[in-house]
Each structure stands twice: as C-alpha cells, then as structure tokens.
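Trainee: For reference, the structure I am asking about is given below.
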Amino acid sequence: MLTCAASIFGIVLLIATELVLRSQMSWHKFGLSFFYKFNIDPDTHLPVFWDPVGGTFYALPFLYGTLVTSLVALVIAVPLAIGVAIFLTEMCPKFLRGPLAFTTELLAAIPSVVYGLWAIFVLVPLLREQVNPLLVSVFSFPPLVKAFGWTGLVGANGIFGGDNYGLGFLAAGVILAVMILPIISSLTREVMNAVPNSQREAVLALGATRWEMIRMGVLRNARIGIVGSVILGLGRALGETMAVAMVIGGRPEISKSLLSLGNSMASVVANEFSEASDDLYLSALIEIGLALFIVTIIVNALARVLVWAVTRGTPARVQ
Amino acid sequence: MVTTRKKPNRVRSAMRTAADHLATGLAILATILVIAPLVAIFIYLVYKGTSSLNLAFFTQVPKPVGEAGGGMANAIGGSAVLLGIASLLGVPIGIGGGIYLAEFGRGTRLANAIRFTADVLNGVPSIVMGIAIYSLIVVPQHHFSAFSGGVALGVMMIPTVTRTTEEMLLMVPHSVREAALGLGVPNWRSVMSITLKTASPGVITGCMLAFARVAGETAPLIFTAFGNQFWSASLNQPIAALPLQIYVYAISPYDEWHRLAWAGALVLIVLIVFAVSLVRYVASRGILKGAS
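In structure tokens form, the structure reads like this:
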C-alpha cells in the first residue's frame with residue numbers, strides 16, 4: 001500500500017527527470033535566452049521567434065499566448081464563477097441547488113476535445129460574424145479613441161484591432177473561460193460552505209441585508225480560499241491543451257490584438273510534437289513542456305495551500 | 001461627520017435594499033450565463049450527433065476521404081484497449097494508494113505529503129504526461145504504440161483514483177472498523193475485508209469517474225498511441241482512439257469527417273455523463289446503506 005502511495009512521488013520524479021534529460025540539447029544551445037530572446041529577420045526587420053526550418057527556437061510567443069489566453073479566461077470566468085457560487089450557496093431555493101450544482105459539475109467533466117469541437121463550429125463563427133465586429137466598432141468609436149488613445153488599447157492598433165479571423169487569442173480565452181468556470185465555482189462553493197453559519201447569523205442579527213451578509217460574513221471570511229480556487233483555475237487554464245490548440249490559430253507571433261492568431265505553450269507542443277523532424281526541434285518542444293510542468297506545479301501547489309487553509313476541519317467531500 | 005448622520009434613514013435603507021436586489025440579480029444572471037453554454041453545447045451536440053449516428057458508426061472503419069459513410073469502430077475498439085491497459089495500471093495502484101492514505105498512514109506527515117502531491121499532480125497538464133511517457137517508452141522503442149498510450153492514461157488515473165478511494169474510505173463509519181477489530185481481526189484483514197468492502201460501491205464509482213476522465217483525454221495520446229485509420233489489436237502498433245479521432249476529424253476540412261466527429265463526441269459525452277451521474281448517485285446516498 002505504501003508502495004502504491006509512494007508511486008505518486010515516483011511519477012513526479014519520473015516526469016521531471018525525463019523532461020530534463022530530453023530537453024538538454026535545447027538548454028545547452030539556448031540556455032535561459034530560450035524564454036526571452038528572438039532574432040530579427042534581415043529582410044523584413046520583423047522578429048523571428050520560432051523557425052523550425054531555419055533552426056531558430058525561442059519560446060517567447062508561446063509564453064505570451066499562454067498568459068494572454070489565461071488572463072482573458074480569468075477576466076471572463078472569475079466574476080461569473082463567484083456569482084454562481086454565491087447564488088448556489090446563499091440564495092438558491094433548495095430544490096434548484098442539487099440540479100444546478102450537478103450541471104456545473106457536468107461542465108467540468110466534458111472532455112477538452114469536445115469543447116474544442118464546439119468552439120470550432122459554433123463559437124468561432126459566432127465571434128467572427130457577431131461579437132468581434134461589435135467589439136471592433138466599440139473600440140474604434142471616435143470619442144473613445146480620442147479619450148483613451150494614449151493607452152494604446154483602443155483604435156485600429158488596440159487590443160481589438162487588425163484582421164478578424166474568428167480564431168485567435170479571444171476565441172481561445174473564451175473557451176478556456178467556459179472550461180475553468182466549473183472548477184472555480186465548485187471550489188468557491190466549497191470554501192463558502194466552510195464558513196460557519198454563526199458568522200452569517202451574527203451579521204444578519206446586526207440588521208444587515210442578505211447582500212451585506214454575503215459581503216461581510218461570507219466573502220470576507222472565504223477570500224483566501226476564493227483566491228486559491230481562482231489560482232487553481234489559472235493552473236488549469238495554463239495547461240489546457242486541446243481546445244486551445246483547435247482555436248488559437250497556431251502562429252508563433254506576438255500581437256497586441258486579441259483577434260490575431262497566436263499559439264500557447266501547450267498547444268504548440270500538441271500541434272508540432274509529432275512532426276518535429278530533428279532533435280533540436282523536439283528538444284525545444286520538450287523544454288516548453290518542462291517549463292509548463294514547473295509553472296503548473298507551482299501554481300497548483302499555491303492554490304492547494306490556500307484552499308486547504310480555509311477548508312481544513314470541514315469533512316472531505318466527493319468531487 | 002455630521003453630514004453622514006444627516007442623511008435620511010429612508011434613503012439609505014432604500015439604497016441598501018437596492019444593492020441587495022442588484023447583487024441577487026447579478027448572481028442569478030451569472031448562473032444563467034454559466035448554464036447557457038452547457039445547454040448550448042449539449043443541445044447542439046445531441047442535434048448534430050444523433051443526426052449522424054447510425055449503425056455504421058459502430059461497425060465500420062473510416063472510409064477514405066471523399067467517400068460517404070464509414071464509422072469509428074476501430075477508434076471505439078482502440079479506446080477500449082487503451083482504457084483497459086490504463087485501468088490495469090491505474091486502478092490497483094490508485095486503490096492501494098487510497099487505502100494507505102485513509103487507513104495505514106492516516107494523519108502521518110508522509111500521508112499528508114502524498115495527498116498534497118496527488119492533488120498537485122492532478123493539475124499537471126495531460127500533455128506533459130504525454131511527453132514524459134513519450135520519452136520513457138516511445139523513444140527507446142522507436143515507434144508509437146498502444147501500450148505507451150495506455151500507460152500514459154493509466155499514470156493519469158493514479159492520483160484521481162487514490163484521492164477518491166481515500167475519500168470513500170473515510171466515509172466508512174468508525175463503528176464498523178471497531179466492530180471488526182473488537183472481534184480480534186488483524187488490522188490488515190479488517191481494512192481489506194471490512195472497510196474496503198463497505199466502501200466498495202464508492203470506490204468502484206470513483207474508479208469509473210477516473211475512467212471517464214481519461215476516456216476523453218486526447219493530448220497524451222497524440223504522440224503515444226498516435227492514431228490509426230485501420231483495425232489494430234497489437235499493443236506494439238499505433239492504435240486509434242475516440243478522442244484522438246474526434247480531434248483529427250474536427251480540424252480536417254471535410255464535412256463528412258466533421259459529421260463523424262460530432263457523432264464521436266456524442267458517444268464520448270454519453271459515456272461520461274453516465275459515469276458522473278452514477279458517482280453522484282452513490283455519493284448522495286451517503287455511505288452505502290447495506291453495510292452500516
């Protein structure tokens with residue numbers, strides 16, 4: 001039994017050693033500059049990050065893609081997830097609670113590739129035809145450009161400028177948001193449930209409305225756990241592979257516009273690993289995997305510690 | 001200081017009520033916005049899936065590009081082979097680990113460390129697991145194989161099965177253990193034939209949950225099982241898998257393949273929804289009426 005349990009340490013060690021060993025070549029060639037450098041194309045004067053044919057492998061655009069898509073996902077998912085958790089723990093009539101909680105759990109169980117399928121055929125056309133043109137026109141509204149043009153976020157070169165493919169950072173971010181929502185909301189629910197009822201009663205006894213009770217009695221006590229669940233959602237978003245690989249567009253470029261095509265760390269590995277022709281290419285992809293491994297380990301460990309700090313003492317709960 | 005006091009109580013109370021209503025409205029709106037995509041995905045999936053699901057889907061292998069018809073029989077069979085290998089590896093080790101955490105190592109530092117590592121491992125992207133198994137098995141063997149795909153999925157099952165087994169075992173009332181020990185049964189015997197047996201419906205459904213999760217995994221299979229357009233029963237050869245086939249078909253430019261991808265997704269979802277519902281049903285009964 002102990003051997004079985006200890007195998008979990010073994011798995012972590014195994015992943016770490018394999019990834020470190022296989023990424024040696026890229027590490028020796030590029031060192032730390034793998035994560036921040038790039039070459040300049042002598043003809044076009046554009047930066048070149050990732051050129052398997054020319055033997056240039058710098059991971060900067062993938063770090064950028066992973067960060068941007070995860071941020072978009074968090075911006076969309078966090079308010080919604082907390083709203084759902086509040087509704088389910090504090091407001092929801094009893095007969096609705098079970099089915100709604102079950103439905104959000106089902107969202108968590110849908111495989112990534114099915115989300116990707118739906119995103120390709122439903123979400124991307126929707127974004128391309130309806131949402132993106134609307135965002136573009138709002139963000140290039142003249143008074144807005146005049147007032148906030150200095151931020152560089154609005155106008156034709158802003159975060160909603162450039163070509164509209166439907167695919168890209170925004171599509172990846174939206175599908176990631178749908179995928180991490182149930183994780184954040186079910187953990188937030190768990191930490192809110194862990195707040196003792198005496199806290200709620202105390203605030204209500206002082207004459208608070210229900211919202212004031214939630215704000216002062218529940219959210220304030222659960223905030224560390226909520227931060228933990230958000231970080232856990234972030235960890236999931238950083239490592240999410242298939243759905244992102246299917247809609248992000250697969251271009252190793254850095255662009256300010258959320259509508260442009262890009263690539264993320266996980267999706268570049270998924271898309272290019274089986275066609276990596278030479279050892280350096282493969283080793284560079286494995287180094288990206290190693291970076292992803294280290295980052296997700298840190299993010300998940302942090303999240304677990306925060307959630308644990310709030311829910312310890314309450315009984316274990318199944319999924 | 002006086003100014004705030006002067007504000008009529010009625011206005012302030014109206015504002016507080018308004019804030020309360022606003023918050024309630026926003027929470028309800030958020031819930032609707034979350035449920036909407038699920039309903040949308042589900043309805044669209046059922047609509048697209050049922051219209052292209054037929055007997056041929058379960059009995060035929062893919063036709064060449066351009067020909068209508070064909071199915072995913074080889075992918076369904078391949079998934080079964082992969083999941084079989086995964087279960088052989090993941091279920092015994094996972095259950096063993098869960099028993100250790102809940103029974104033998106409860107409260108020890110080592111058990112806490114293992115539990116923590118299992119939770120963290122659950123969050124490691126599946127693609128990373130795929131790379132690790134690729135370099136552990138595929139590179140030395142010089143070819144993709146069903147075996148490596150099964151191992152990748154099995155390794156991913158271990159932390160999930162460990163944690164659910166532990167949680168299920170912890171739900172077994174102490175009185176059951178005490179009764180066994182009180183009769184003079186050795187501890188290991190009490191764990192194996194009393195506690196584990198009492199929790200077995202829960203443990204089995206926990207395994208099904210892990211099974212359903214890895215059944216939908218695509219990323220670790222891309223460069224281990226690799227996929228195959230034909231029947232293959234050899235563990236040493238590349239093998240097709242349902243999620244992998246859905247992925248390949250979804251990003252292909254052919255309508256016929258898109259149709260098959262939707263049908264495959266529907267099959268996958270039905271399997272997963274079934275497993276999740278079962279887990280929830282067992283968990284909601286509390287522990288396991290027959291024994292207590």
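Protein sequences appear in the order of chains A and B.
Residue 1 is where the first sequence starts when you use the working numbering, and the numbers rise one by one after that.
Residue 1 is where the second sequence starts when you use the working numbering, and the numbers rise one by one after that.
A virtual CB, placed ideally from N, CA and C, is assigned to each residue, including glycine.
1. Using a Cβ-Cβ cut-off of 8 angstroms, state whether residue 135 of chain B counts as contacting chain A.
2. Which term fits residue 271 of chain A, buried or exposed, when burial requires 16 or more other beta carbons within 10 angstroms of its beta carbon?
3. From the DSSP output, which residues share a beta bridge with residue 56 of chain A?
4. When you compare each of B/241, B/261, B/256, B/240 to residue 250 of chain B by their alpha carbons, which one comes out closest?
5. Can you pull the chain B residues whose beta carbon is under 9 angstroms from the beta carbon of residue 283 of chain A, in chain order?
6. Under a Cβ-count criterion, where at least 16 other Cβ atoms within 10 Å of its own Cβ denotes burial, should residue 245 of chain B be classed as buried or exposed?
7. Across which residues does DSSP place residue 226 of chain B in a beta bridge pair?
8. Below 6 angstroms CB to CB, which residues in the same chain sit around residue 172 of chain A once its five sequence neighbours on both sides are set aside?
9. So, for residue 273 of chain A: in the same chain, excluding its five sequence neighbours on each side, which residues have a beta-carbon less than 8 angstroms away from its beta-carbon?
10. Just tell me which of A/269, A/237, A/310, A/48 has its CA closest to the CA of residue 290 of chain A.
11. Roughly how many angstroms lie between the CA atoms of residue 99 of chain B and residue 119 of chain B, to the nearest whole one?
12. Three or more beta-carbon pairs under 8 angstroms between the segment 115-133 of chain B and the segment 214-224 of chain B, yes or no?
13. Buried or exposed: residue 10 of chain B, going by 16 or more other Cβ atoms within 10 Å of its Cβ?
14. Grouping DSSP H, G and I as helix and E and B as strand, with all else coil, what is residue 206 of chain B?
15. Assuming residue 94 of chain B and residue 161 of chain B form a contact by the criterion Cβ under 8 angstroms, report the distance between their Cβ atoms to the nearest whole angstrom.
16. How many angstroms separate the CA atom of residue 90 of chain B from the CA atom of residue 121 of chain A?
17. Helix, strand or coil for residue 317 of chain A, going by three-state DSSP, please let me know.
18. For residue 1 of chain B, does the three-state DSSP call read helix, strand or coil?
19. Assign residue 94 of chain A to one of two classes, buried (16 or more other C-beta atoms within 10 Å of its C-beta) or exposed (fewer than that).
20. If you follow the alpha helix (DSSP H) that residue 334 of chain A is in, where does it begin and where does it stop?
21. Could you tell me the distance, in whole angstroms, from the CA atom of residue 101 of chain B to the CA atom of residue 151 of chain A?
22. In the DSSP assignment, what residue or residues form a beta bridge with residue 92 of chain B?
23. Looking only at its own chain, which residues have a Cβ that is under 6 angstroms from the Cβ of residue 59 of chain A, when we skip the five neighbours before and after it?
24. Name the chain B residues that come within less than 8 angstroms of residue 105 of chain A, Cβ to Cβ?
25. Can you grab the Cα-Cα spacing for the pair residue 78 of chain A / residue 71 of chain B, in whole Å?
26. Between the segment 214-240 of chain A and chain B, which residues of the former have CB atoms less than 9 angstroms from a CB of the latter, in chain order?
27. Counting only Cβ pairs nearer than 7 angstroms, list the residues of chain A close to residue 159 of chain B.
28. Using a threshold of 8 angstroms, state whether the C-beta atoms of residue 208 of chain B and residue 278 of chain B are closer than that.
29. Quick check on residue 255 of chain B - is its C-beta less than 8 angstroms from some C-beta in chain A?
30. What do you get for residue 142 of chain B, buried or exposed, if any count of 16 or more other CB atoms within 10 angstroms of its CB means buried?
31. Thinking C-beta only, is residue 7 of chain A closer than 8 angstroms to residue 81 of chain A?
32. Can you give me the Cβ contacts of residue 305 of chain A inside the same chain, cut-off strictly under 8 angstroms, excluding the 5 residues immediately before and after it?
33. Between residue 129 of chain B and chain A, is the shortest Cβ-Cβ distance under 8 angstroms, so that the two count as touching?
34. CA-CA distance, residue 235 of chain B and residue 237 of chain A?
35. Nearest-angstrom Cα distance between residue 46 of chain A and residue 40 of chain A?
36. Determine the DSSP secondary structure at residue 42 of chain A, reduced to helix, strand or coil.
Mentor: By the coordinates alone:
1. Position 135 of the second sequence, counted from the start, is the residue given in the question as residue 135 of chain B. For residue 135 of chain B, the answer is yes, since a Cβ of chain A falls inside 8 angstroms of its Cβ.
2. On the first sequence, residue 271 of chain A is found 271 positions in, with the first residue counted as 1. Buried.
3. Counting from 1 along the first sequence, the entry for residue 56 of chain A is found at position 56. Its beta-bridge partners are A/51.
4. Stepping through the second sequence from its first residue, residue 250 of chain B is reached at position 250. Answer by Cα proximity: B/261.
5. Within the first sequence, residue 283 of chain A is the residue found at index 283, counting from 1. Under the 9 angstroms cutoff, chain B gives no residues; its nearest Cβ is about 10 angstroms from residue 283 of chain A.
6. The residue you call residue 245 of chain B lines up with position 245 of the second sequence. Counting Cβ neighbours within 10 Å, residue 245 of chain B comes out buried, since at least 16 surround it.
7. Indexing the second sequence from 1 puts residue 226 of chain B at position 226. In DSSP, residue 226 of chain B forms a bridge with B/239.
8. Along the first sequence, read from residue 1 onward, the residue named residue 172 of chain A stands at position 172. Excluding sequence neighbours, residue 172 of chain A sits near 69, 244, 247, 248.
9. Against the first sequence, residue 273 of chain A aligns to sequence position 273. Excluding positions up to five away in sequence, the list reads 282, 285.
10. Position 290 of the first sequence, counted from the start, is the residue given in the question as residue 290 of chain A. Nearest C-alpha to residue 290 of chain A: A/269.
11. Against the second sequence, residue 99 of chain B aligns to sequence position 99. Against the second sequence, residue 119 of chain B aligns to sequence position 119. The straight-line gap from Cα to Cα measures roughly 16 angstroms.
12. Between the segment 115-133 of chain B and the segment 214-224 of chain B, the count of Cβ pairs shorter than 8 angstroms is three or higher; the stretches touch.
13. Residue numbering aside, residue 10 of chain B sits at position 10 when the second sequence is read from its first letter. Exposed, since its Cβ has fewer than 16 Cβ neighbours within 10 Å.
14. As a position in the second sequence, residue 206 of chain B is number 206, starting the count at 1. Reduced to three states, the DSSP call for residue 206 of chain B is helix.
15. Within the second sequence, residue 94 of chain B is the residue found at index 94, counting from 1. Within the second sequence, residue 161 of chain B is the residue found at index 161, counting from 1. Correct: roughly 3 angstroms between the Cβ atoms.
16. As a working mapping, residue 90 of chain B is identified with position 90 in the second sequence. As a working mapping, residue 121 of chain A is identified with position 121 in the first sequence. Cα to Cα, residue 90 of chain B sits roughly 35 angstroms from residue 121 of chain A.
17. Along the first sequence, read from residue 1 onward, the residue named residue 317 of chain A stands at position 317. Unreliable placement is indicated for residue 317 of chain A, whose pLDDT of 43 sits below 50; the coordinate value is still reported in the next sentence. In this structure, residue 317 of chain A counts as coil in the three-state DSSP scheme.
18. Sequence index remark: in the second sequence, residue 1 of chain B carries index 1 (1-based). The predicted position of residue 1 of chain B is uncertain, since its pLDDT is 48 and thus under 50; a value taken from the coordinates is nonetheless stated next. In the structure shown, residue 1 of chain B sits in coil (DSSP, three-state: anything other than H, G, I, E or B).
19. As a first step, residue 94 of chain A must be located in the first sequence, where it is residue number 94. Flag for residue 94 of chain A reads exposed.
20. Because chain A is modelled from 1 through 319, residue 334 of chain A falls outside the range shown and cannot be assessed.
21. For the purposes of this step, residue 101 of chain B is identified with residue 101 of the second sequence, where counting begins at 1. For the purposes of this step, residue 151 of chain A is identified with residue 151 of the first sequence, where counting begins at 1. So the two alpha carbons sit approximately 54 angstroms from each other.
22. Indexing the second sequence from 1 puts residue 92 of chain B at position 92. Partner(s): none; residue 92 of chain B has no beta bridge.
23. Stepping through the first sequence from its first residue, residue 59 of chain A is reached at position 59. Cβ neighbours of residue 59 of chain A beyond the five flanking positions: 34, 35, 288.
24. In the first sequence, the residue the question calls residue 105 of chain A occupies position 105. Correct list: 276, 280.
25. Taking the first sequence and counting its residues from 1, the one referred to as residue 78 of chain A is at position 78. Taking the second sequence and counting its residues from 1, the one referred to as residue 71 of chain B is at position 71. Approximately 40 angstroms between the Cα atoms of the pair.
26. Going along the segment 214-240 of chain A in chain order, one finds 214, 215, 232, 235, 236, 238, 239, 240 with a Cβ nearer than 9 angstroms to chain B.
27. On the second sequence, position 159 is the one that residue 159 of chain B refers to. Within chain A, the residues near residue 159 of chain B are 8.
28. Locating residue 208 of chain B in the second sequence gives position 208, counting from the first residue. Locating residue 278 of chain B in the second sequence gives position 278, counting from the first residue. Yes, these two residues count as a Cβ contact at 8 angstroms.
29. Along the second sequence, one-based indexing puts residue 255 of chain B at 255. No, its Cβ sits nowhere closer than 8 angstroms to a Cβ of chain A.
30. As a working note, residue 142 of chain B is residue 142 in the second sequence. Counting Cβ neighbours within 10 Å, residue 142 of chain B comes out exposed, since fewer than 16 surround it.
31. For this step, residue 81 of chain A is matched to residue 81 along the first sequence. For this step, residue 7 of chain A is matched to residue 7 along the first sequence. With respect to residue 7 of chain A, residue 81 of chain A sits apart: the two C-beta atoms are not nearer than 8 angstroms.
32. Locating residue 305 of chain A in the first sequence gives position 305, counting from the first residue. Counting only Cβ-Cβ distances below 8 angstroms, and skipping sequence neighbours, we find 228.
33. For the purposes of this step, residue 129 of chain B is taken as residue 129 along the second sequence, with counting starting at 1. Judged by the 8 angstroms Cβ criterion, residue 129 of chain B is in contact with chain A.
34. Taking the first residue of the second sequence as 1, we reach residue 235 of chain B at position 235. Taking the first residue of the first sequence as 1, we reach residue 237 of chain A at position 237. Looking at the two C-alpha atoms, the distance is approximately 33 angstroms.
35. Position 46 of the first sequence holds residue 46 of chain A. Position 40 of the first sequence holds residue 40 of chain A. In a straight line, the C-alpha of residue 46 of chain A is about 6 angstroms away from that of residue 40 of chain A.
36. Looking up residue 42 of chain A in the first sequence gives position 42. Residue state for residue 42 of chain A is assigned as coil, using DSSP reduced to three classes.
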